[in-house]
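Chemist: If you're matching positions, the sequence shown starts at 27 in our numbering and goes up one per residue. Virtual Cβ for every residue (Gly too), placed ideally from N, Cα, C.
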Amino acid sequence: MALSLLLTGAGASAVAEVSGADAFARRDYPRAAAAFMRLAERGDPQAQTYLGYLYAKGRGVPHDDVLAAQWLTRAANQGLPTAQFMLGLMYDKGLGLRQDFTEAYFWLDLATAHAGKRELDYWTRIRNAIGSKIMRWELTEAQERASYWRPLPER
């Protein structure tokens with residue numbers, strides 16, 4: 027996945043983020059992880075998403091699905107669609123947290139609602155495939171939860 031293409035905009039620490047994103051693009055994952063860690067700990071959702079990805083793939087840091095899920099959860103709770111999508115996939119597969127198709131659908135529904143043109147079709151197909159794994163009442167419950175959900179910035 028071209029994570030750097032999915033994450034757009036600059037946070038308050040744009041210089042550190044750019045060096046992290048540059049290192050990521052050059053596949054210098056240890057340097058990217060170090061740069062993103064500083065920002066992620068301060069609540070930057072883009073850095074948290076990158077860090078979640080790095081932990082999930084074991085790039086620049088040891089592979090750790092629990093830490094990946096924790097970083098992605100923090101970013102997803104702040105409203106970053108890429109983090110919401112990746113967290114939904116982790117719930118679907120039970121990676122780093124307990125497998126829960128309803129929770130997976132919830133996060134994927136949020137992500138799809140704010141997907142860019144490039145991601146929309148693919149994310150919708152994934153969300154719908156996971157929706158086919160749950161009962162109708164669970165689907166309705168997840169959709170209702172998503173309709174009332176609001177992001178919570180860490181700062």
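Exposed or buried, what is Q74 when buried is set at 16 or more other beta-carbons lying within 10 Å of its beta-carbon?
Modeler: Buried is the call here.
Chemist: Short check: CB of L93 to CB of M112, under 8 Å?
Modeler: Taking 8 Å as the Cβ cut-off, L93 and M112 do not qualify as a contacting pair.
Chemist: Cutting at 7 Å between CB atoms, please list the residues of its own chain near R57, excluding the five before and the five after it.
Modeler: So the list reads A49, once near-sequence residues are dropped.
Chemist: List the endpoints of the continuous alpha helix (DSSP H) containing Q110.
Modeler: That run of the alpha helix (DSSP H) goes 107-119.
Chemist: Let me confirm a value: W149 is counted as buried when at least 16 other C-beta atoms fall within 10 Å, else exposed. Which label applies?
Modeler: With 16 or more Cβ atoms within 10 Å of its Cβ, W149 is classed as buried.
Chemist: Please report the distance separating the alpha-carbon of D126 from that of R85.
Modeler: When rounded, the distance between both Cα atoms is 26 Å.
Chemist: When burial is assigned at 16 or more other CB atoms within 10 Å of the CB, is D147 buried or exposed?
Modeler: Per the 10 Å Cβ criterion, exposed.
Chemist: Go through its chain and collect everything with a Cβ distance to K159's Cβ below 6 Å, but skip five positions before and after it.
Modeler: Contacts found: F127.
Chemist: Count the other CB atoms within 10 Å of the CB of A61; is the residue buried (16 or more) or exposed (fewer)?
Modeler: Under this definition A61 is a buried residue.
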